[in-house]
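Encoded as structure tokens, the structure appears first; notes follow it.
Numbering (my numbering), first residue to last: 260 to 429.
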């Protein structure tokens, strides 16, 4: 029961919306093995447990942006704007969904949120240590520090040129 759901799958369902790491109601419902309608119904019966910093409903622009980003097929016939649950909201779900699976999945999701937070903290700590070392050592190591910084930078997406690569001559 420890690896009920692969951690990579849970990580792939965590999105950044309104500056918060969140999970959508449909993704949580799928992980818990319930219908989205039933998950939202349980939340609405206990709405006082879900203040706006725990859960919010996407607006039309956010929803359009997500459907554009992830493609149209994943939301199919959605008639209502989805709800997004922040980490505390996901934790609160365990109090309104009482199945054994919901409890186990919730534990995995909480561990995933913690792991992501630790990875981000480690990355910041590493960057600070490199900057401190760079100040301590002279310019001959500048190339090494620049190379390390380059390796730490996330890859950039490059636009691909369409065509044959040669410029037309007039």
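Glycine included, C-beta positions come from ideal geometry on N, C-alpha and C.
May I have the straight-line CA-CA distance separating residue i from residue j, to the nearest angstrom?
| i | j | result |
| --- | --- | --- |
| residue 278 | residue 266 | 22 Å |
| residue 411 | residue 383 | 11 Å |
| residue 254 | residue 323 | As shown, the chain starts at 260 and ends at 429. That puts residue 254 outside it, with no answer to give. |
| residue 274 | residue 381 | 20 Å |
| residue 272 | residue 282 | 6 Å |
| residue 270 | residue 361 | 17 Å |
| residue 385 | residue 316 | 36 Å |
With DSSP as the reference, please indicate the residues paired to residue i in a beta bridge.
| i | result |
| --- | --- |
| residue 342 | 316 |
| residue 280 | 275 |
Shortest alpha-carbon distance to residue i belongs to which of the options?
| i | options | result |
| --- | --- | --- |
| residue 437 | 280, 341, 325, 354 | Because the chain is modelled from 260 through 429, residue 437 falls outside the range shown and cannot be assessed. |
| residue 314 | 374, 364, 379, 350 | 350 |
| residue 340 | 326, 270, 347 | 326 |
Exposed or buried, residue i, counting other C-beta atoms within 10 Å across all chains shown (16 or more means buried)?
| i | result |
| --- | --- |
| residue 357 | exposed |
| residue 331 | Here the model assigns residue 331 a pLDDT of 48, short of 50, so the residue's position is not dependable and the matter cannot be decided. |
| residue 286 | buried |
| residue 268 | exposed |
| residue 378 | exposed |
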